[in-house]
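Q:
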Amino acid sequence: MDPRKNEDAEFAYGSGHINPLQAVNPGLVYDASAQDYITFLCAQGYNTTTLRQVTGDNSTCNGISLGKAWNLNYPSFALSVPDGGYATGSFYRTVTNVGSPNSTYNAIVFSPANLTISVVPSTLTFSQVGEKKSFVVKVNGGRLFQQPIMSACITWFDGKHTVRSPLVVYTTILPFDMDTDATALSSLGRPNLAHKKKGRIGGN
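For the sequence shown, UniProt numbering assigns the number 1 to the initial residue and increments by one for each residue that follows.
Structure, rendered in structure tokens:
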């Protein structure tokens, strides 16, 4: 499937077709531990009681604050932008070398013209199997209004292994609150609806 021909972009095909021969030698993996998932659930609003219903053990959410879903060490990136907000976000990831003991991977970025995507550092050098390296994917763009899905990808390549991760940016329309959002809408150059909050739309 081709993102140039499919309007659903990365949501239509993810990381691509599975190649069984290459799957057993991926080069790099995004290794997430049980603690990573515990931190993820707590950051998404689970408390100790609901967390233990999932883990079945004595795990707790003590000391873990609410956070973004994209902080999980997962091999894909999705930036949800509130309608009218800016396409800005940073993804922190760690990869583990399961390929050649001595290898150097360079980041190759594909992105649409209205997004700037950078990878820091853009080169990862490993000296042994099992070694871990961390990097940050930074996304920067302008203000988005009901923007269709924008599709991008990041590929780590060492001359032999191709480790591709999809990245999508899309807008979400949040529930409108007349008391708190009318001023924000007015600042964006839209009609101020505050005067209608107690009356009927179109009424006197």
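For each residue, glycine too, the CB sits at the ideal point set by N, CA and C.
Which residue or residues does DSSP assign as beta-bridge partners of W156?
A: For W156, which the question treats as bridged, DSSP gives the partners A107 and V163.
Q: Using a Cβ-Cβ cutoff of less than 7 Å, which residues in the same chain neighbour V120 once the five nearest sequence positions on both sides are dropped?
A: The answer, listed in chain order, is F135, V136 and K138.
Q: Could you compute how far the alpha carbon of N58 sits from the alpha carbon of G142?
A: About 44 Å.
Q: Do I108 and A152 count as a contact pair if the criterion is CB distance below 8 Å?
A: Not closer than 8 Å, so no.
Q: Nearest to P26 by alpha carbon, out of G84, V163, A113 and L115?
A: Answer by Cα proximity: V163.
Q: With DSSP as the reference, please indicate the residues paired to K68 in a beta bridge.
A: DSSP lists no partner for K68.
Q: Are L144 and V81 close, meaning C-beta to C-beta below 8 Å?
A: Cβ atoms of L144 and V81: closer than 8 Å.
Q: Report the three-state DSSP secondary structure of L185 (helix, strand or coil).
A: With a pLDDT of 42 at L185, under the threshold of 50, the modelled position of this residue cannot be trusted; read the value that follows with caution. Note: L185 maps to helix in three-state DSSP.
Q: Using the DSSP secondary-structure output, state which residues sit across from S33 in a beta bridge.
A: Looking at the DSSP assignment, S33 forms no beta bridge with any residue, so it has no partner.
Q: Between the Cα of L167 and the Cα atoms of N73, I64 and M150, which residue gives the shortest distance?
A: Of N73, I64 and M150, the residue nearest in Cα terms is M150.
Q: Would you kindly work out how many angstroms separate the C-alpha atoms of P148 and W70, rounded to a whole number?
A: The alpha-carbon atoms of P148 and W70 are separated by roughly 20 Å.
Q: Spatial neighbours of Y46 within its chain, please: C-beta separation below 7 Å, excluding the five flanking residues on both sides.
A: Excluding sequence neighbours, Y46 sits near C61.
Q: Which one of V24, S65, A78 and I64 has the shortest CA to CA distance from T172?
A: The residue with the shortest Cα to Cα distance from T172 is A78.
Q: I think A43 touches L66, with their Cβ atoms under 8 Å apart; what is that distance to the nearest whole Å?
A: So it is a contact: roughly 6 Å between Cβ atoms.
Q: Using the rule of at least 16 other Cβ atoms within 10 Å of the residue's Cβ for burial, across every protein chain shown, is A87 buried or exposed?
A: Per the 10 Å Cβ criterion, buried.
Q: Does the beta-carbon distance from R93 to Y30 come in below 8 Å?
A: Cβ atoms of R93 and Y30: closer than 8 Å.
Q: On the CB-based measure, 16 or more other CB atoms within 10 Å of its CB, does F110 come out buried or exposed?
A: F110 is exposed by the Cβ-count criterion.
Q: To the nearest whole angstrom, what separates the beta carbons of P101 and V129, a pair I think is in contact under 8 Å?
A: Yes, P101 and V129 are in contact; Cβ-Cβ is about 5 Å, under 8 Å.
Q: Check V54 in the structure and name its three-state DSSP category.
A: Three-state result, V54: helix.
Q: Please report the residue range of the alpha helix (DSSP H) in which G144 lies.
A: Checking the displayed sequence, the identity of residue 144 turns out to be Leu instead of Gly. No alpha helix (DSSP H) contains L144, which DSSP labels as neither H nor E.
Q: Between which two residues does the beta strand (DSSP E) holding A78 run?
A: Counting along the chain, the beta strand (DSSP E) containing A78 begins and ends at F77 to P82.
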